[in-house]
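In what follows, a single structure is set out as structure tokens and then discussed.
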Amino acid sequence: MSDGDSSGGIPPRSGADRDAFQRREHALEDFAIKQREKEKLLELKKKLAEQQAHLQKLSEHIDEITKDQGGEHN
311 MSDGDSSGGI PPRSGADRDA FQRREHALED FAIKQREKEK LLELKKKLAE
361 QQAHLQKLSE HIDEITKDQG GEHN
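Numbering of the sequence shown is given in our numbering, commencing with residue 311 and proceeding in unit increments.
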């Protein structure tokens, strides 16, 4: 081992090793991005469901008010 060698006896990586490492790193980054997107979509679905429930309550309230005023003939 020479004075400037800081690898601790580990042989340098070959081109194939480097490519495999880069592919693995890229796959992990893609996975992390997909996980964040999945979390965002789940949060949006939750908000959408809350808004739909709120709209349903408003619709029921409007129906109740219009029935009391005689605006609907049922």
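Quick reminder that beta carbons are idealized off the backbone N, C-alpha and C, glycines included. Keep in mind the model is a prediction, meaning the values are calculated, not measured.
For residue i, the three-state DSSP class (helix, strand or coil)
i    : result
S324 : coil
Q362 : helix
Q345 : helix
Q332 : helix
Between the CA atoms of residue j and residue i - distance to the nearest angstrom
i    : j    : result
K357 : L351 : 10 Å
A337 : L365 : 41 Å
Q345 : E339 : 10 Å
L354 : E370 : 24 Å
G380 : D373 : 11 Å
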